[in-house]
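Chemist:
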Amino acid sequence: MDIAKFIIDSTETGFYDFGNYDRCLGLQWINDETKESEFGQHCTISILPKISESEYSTNMFTRNKIVSHHLEAVFKIGLCIPSSCSQDDIQTIFSKVFTRLSLFATEWVLSKASELTAPIDVYDWQYVKTDQCKIKTTLVENIMNAKGYQKISLAFLTTIVVINLYATWLDWSVKSSGWTRHFSLIRNYNGFINPVSTSRMTFLTKFQLVVHSSTLAVHLLVWFYCCKGWGLIANANNIMKKRNNFAVRGSVGDWITAMLFVYGSIARTMEYWKITGPSTSVISITLISLPLVAFTFITPVFFDGPIMSIFSDYTAEACLRSFGANLLFIQNSYRPIIDICLSHTWSVAVEFQILPVIILLVHLYKRSPKLAVIINSLIVIAGLLYTGVSAFIKDSHPHTFSRSLAVSPFVHWFENVYLPTPMNVWIYTLPPLWTYLIMNKYEKSNPILMKFTSCNKLLAALLLILQILPMIWVLLESHVYPPFLNFIYFIFYRLCTAALFSFVFMCNSDSLREFFTHPLDKEIFNENNNCINNNFESSSEKKIGQVVQTDEDNAVTQSSKKISSGLKNRLLHICSTLWRSAYYVHICMITLRYSIQRWSLNSAKAHISIAIECLALTFFAAFFFHLFVVGPVTSLISTIKQRIRKESSYYDSKVAFLRSLKEVAKPVDSIRGLCYQGY
């Protein structure tokens, strides 16, 4: 069973029976004919039901299912066979067995035709493939038999562990300095439990917890229902009979999923705004930030794809096939989507692709604000229009189950609405515009924004509208030509979503502005000359040093102010740090629990216990992932940002000082001009 995929099972109800995996691998005997040792070999096969040619067959199932091999909607069965058997032997045996079963079923229906009061379903079975076969091997044998890129991946992760252990030994013995201190497990653990070393903005931290908690909860639920437990739920509650019901189609909106995009963009924008000045090099920020961010997200791909097939009893063929797409951060464009490795990383790919645009916009805002506003607005408007035009051309439905609770409409929506980068440009490039308005206090001076943020009932109204709109679309679809309806609806729904999150961030503008304002923004934009006039006799280098030192002092004061040593703030810091690492690794742990060959069909009652197990695995892995990967990367990025901020503060303060000198010199030049004219 391929653990890397978003698991879609047979006919959307599905069945798994893997048998006793450990008992099979433990079998050993002597072949009577060859006199050689035989071992138990556990194989997982996929079989596909297909409609019979019988006249008594009306539908394959009472739920009118359509089985698609493209979606791997198949039954999976575990077999225990001798180690000398090949996959060709399995195919030959099952082809003969299925032929006999089909003949027997047809004969039985014909013999009972006179007694049947209604047509019944008759279907044949088709052998699709053998997913994998495993025999009992040692760890050394697995490593020796691994492919080249698997060995490279193992060496890559081993190097990370060795560097961390070496840095920890240095820190413990001689108090390491330089680059090694970032990889010390002691330092990263202290940074995990003590919030003093990292400044956090309370509002964004809470927003991050909401986003990551909702993502984790949805994935815990979805993997159960789309995996081994879905068949039991669907059969017991007749869900599939109601898959076209109005309540099902109109109950799910996707404004909640936009939170992930909004948080990713606003967090990056605010961070870059804080460290970027007019003289900051955009190339240096891009070249430093992108590789470090990529390293954090790529590491779980190495672990879940090439590595785990060496150590565990399952494979991850999807991660092996789409490994290159993950390394290049284009996995959201990989097709078929069933082969996307660690499906949640598609949003990371979108953010990674648009991140240079955000950096350029922030850079442009610090140099030419009016031009940046125009370009930013045009990008957002073009992105909104693109969503409408794309929906018009492809006849896409706006929400997950707007047309049916079935696989095919869901896949169409996923491929054409959810995954493509151009469909998400508008939401990722909107936060830079918010940031500019907030940092320049437009919500305090602009009459429209003042009324917008002062209306407390607006938030409830927007939430109600976003919840009702999917129902309105379902009602109108049968009366209005769908493509034309989609063009209008896609744009209007996204405008409402933008208004909702704009309201949330504008209402927290004071705290955002206080925390993320660049230290020299006031000097640059307000042309404050009081300091120059009162202390003109001070040297320029002394003045610049004072500004830089004040910048550092303010940063320390702000950090201490925002994150105190109190229990509440410490708990918030620990949770946000752990939840962030959990977001990186949670799909790995969820698929690990659901895909191990030792478990077969799960009952609906086991849902809670399975979710708890997945949650425990996720946070256990998240803790160590923070110590070995996220902690060092975060520390490196923080140090680099401080250095960039200090350098930009030095040069920007120098520019501000020279600009102030010019302002002071203007009256003198004016007097000289008058003197030369003879006054």
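For the record, in the sequence shown the residue sitting at position 430 is 430 according to full-length UniProt numbering, with numbers rising by one throughout.
Heads up, the beta-carbon is just placed ideally off N, CA and C, and yes, glycines get one too.
A quick note: this is a predicted structure, and the numbers were derived from the prediction, not measured.
(1) If we ignore side chains and look at the alpha-carbon of each, how far apart do residue 495 and residue 203 end up?
(2) Assuming residue 261 contacts residue 427 under a Cβ cut-off of 8 Å, what Cβ separation, rounded to an integer in Å, is found between them?
(3) Report, in whole angstroms, the separation of the C-beta atoms of residue 81 and residue 41, which I expect to be a contact under 8 Å.
(4) Quick one: which unbroken beta strand (DSSP E) runs of 3-plus residues sit fully inside the segment 378-423? Chain order, please.
(5) If you check the beta carbons only, do residue 270 and residue 435 fall under 8 Å apart?
(6) Work out the CA separation of residue 257 and residue 350 for me, nearest whole Å.
(7) Roughly how many angstroms lie between the CA atoms of residue 135 and residue 619, to the nearest whole one?
(8) Can you check DSSP and say which residues form a bridge with residue 130?
(9) Looking at the secondary structure, which residues open and close the alpha helix (DSSP H) in which residue 434 lies?
(10) Output yes or no for whether 8 Å exceeds the beta carbon distance between residue 272 and residue 208.
(11) Just checking my contact of residue 473 with residue 398 at CB under 8 Å: how many whole Å lie between their CB atoms?
(12) Contact between the segment 438-446 and the segment 480-492 is defined here as three or more beta-carbon pairs at a separation below 8 Å; is this criterion met?
(13) Below 8 Å, can you find three or more Cβ-Cβ pairs linking the segment 407-423 to the segment 502-509?
(14) Tell me whether residue 541 sits in a helix, a strand or coil according to DSSP, three-state version.
(15) Please report the Cβ distance between residue 249 and residue 402, rounded to the nearest whole angstrom; I am assuming they are in contact, meaning their Cβ atoms lie under 8 Å.
(16) If you draw a straight line from the alpha carbon of residue 485 to that of residue 255, how long is it in whole angstroms?
(17) What would DSSP say about residue 141, mapped onto helix, strand or coil?
(18) Going by DSSP, what residue range makes up the alpha helix (DSSP H) through residue 29?
(19) If you reduce the DSSP assignment to three classes, tell me which class residue 82 lands in.
(20) Classify residue 324 as buried or exposed, calling it buried when 16 or more other Cβ atoms lie within 10 Å of its own Cβ.
(21) Taking 8 Å as the threshold, find out whether the segment 182-191 comes into contact with the segment 580-587 through three or more Cβ pairs.
(22) Below 6 Å CB to CB, which residues in the same chain sit around residue 354 once its five sequence neighbours on both sides are set aside?
(23) Checking the sheet assignment: what are the DSSP bridge partners for residue 135?
(24) Put residue 330 into one of helix, strand or coil per three-state DSSP.
(25) Assess contact between the segment 377-388 and the segment 414-433, defined as three or more Cβ pairs (one per stretch) separated by less than 8 Å. Is contact present?
(26) Any idea what DSSP makes of residue 336, helix, strand or coil?
(27) Assess, as a yes-or-no matter, whether the segment 460-472 is touched by the segment 367-378 under the definition of 3 or more beta carbon pairs within less than 8 Å.
(28) Identify, in the order they occur along the chain, each residue of the same chain with its Cβ nearer than 6 Å to the Cβ of residue 387, setting aside the five sequence neighbours on each side.
(29) I'd like the span of the alpha helix (DSSP H) that includes residue 257, first residue to last.
Modeler: Let me lay it out:
(1) 24 Å
(2) 5 Å
(3) 5 Å
(4) none
(5) yes
(6) 14 Å
(7) 31 Å
(8) 45
(9) Element bounds for residue 434: 425-439.
(10) Result no, Cβ atoms of residue 272 and residue 208 do not sit closer than 8 Å.
(11) 6 Å
(12) no
(13) A contact is defined here as three or more CB-CB pairs under 8 Å, and the segment 407-423 fails this definition with respect to the segment 502-509.
(14) Residue confidence is low: residue 541 scores 40 on pLDDT, short of 50, so the model does not pin down where it sits. No coordinate-derived value is stated.
(15) 6 Å
(16) 19 Å
(17) Three-state DSSP puts residue 141 in a helix.
(18) Note, residue 29: premise wrong, no alpha helix (DSSP H); beta strand (DSSP E) at 28-30.
(19) strand
(20) exposed
(21) no
(22) 428
(23) 41
(24) coil
(25) yes
(26) Note: residue 336 maps to coil in three-state DSSP.
(27) Touching, no.
(28) 423, 490
(29) First-last for residue 257: undefined, no H or E at that position.
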